[in-house]
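See below for the structure under consideration.
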Amino acid sequence: MDETGTREADAHDEKRKRWEIHVTAAERAFITEAAHRAKLTIGAYVIALASKSQILVRSDWETGVDRLTEVSRLLGDLSRNLDAMPDALDRLEMTAQLLSIERQIERLAAPWLGGADDGC
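As numbered in our numbering, the sequence shown has no gaps in its residue numbers, which increase by one up to the final residue, 164.
See the structure below:
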């Protein structure tokens with residue numbers, strides 16, 4: 045590290061950006077151990093592994109996206125019908141419920157969307 049606290053490798057490679065992935069504790073331990081055995085950093089190990097392996101397309105991806113698209117359409121229909129509800133409090137409660145459902149769907153969809161939270 046230099047006097048600014050920057051690691052030498054960081055100073056020479058300004059194009060690299062931090063990138064988070066979500067893994068279980070067991071997956072993290074497995075990847076860490078494999079990188080250690082290969083005498084590589086975790087980042088270097090993942091890059092090396094990815095550049096050597098064939099990417100397999102998940103067979104359920106297209107079906108999942110189609111279903112999520114249909115759910116999104118149905119939620120849109122519901123939200124457009126909110127104006128027809130006579131009671132403002134009922135409209136507010138329904139809006140809150142729809143937003144909650146939308147958040148749950150986004151979490152469930154993360155594996156198919158690459159993790160909008162980049163939840164990968």
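Idealized CB from N, CA, C, for every residue including glycine.
Below 6 Å CB to CB, which residues in the same chain sit around Arg135 once its five sequence neighbours on both sides are set aside? Residue mapping note: residue 135 aligns to position 91 of the sequence shown, counting from 1. Correct list, in chain order: Leu126 and Met129.
For Lys59, which of helix, strand or coil comes out of DSSP? Counted from its first residue, the sequence shown places residue 59 at position 15. In the three-state scheme derived from DSSP, where H, G and I count as helix and E and B as strand, Lys59 is classed as coil.
Output the boundary residues of the alpha helix (DSSP H) element that contains His80. In the sequence shown, counting from the first residue as 1, residue 80 sits at position 36. Looking at the DSSP string, the run of the alpha helix (DSSP H) that includes His80 is Ala69 to Arg81.
Below 8 Å on the Cβ atoms is my guess for Ala92 versus Leu84; work out the distance and round it to an integer in Å. The residue labelled residue 92 in the question sits at position 48 within the sequence shown. The residue labelled residue 84 in the question sits at position 40 within the sequence shown. Contact holds; Cβ gap of about 7 Å.
Say whether chain B places a C-beta atom closer than 9 Å to the C-beta of Arg117. No chain B is part of this structure, which consists of one protein chain only.
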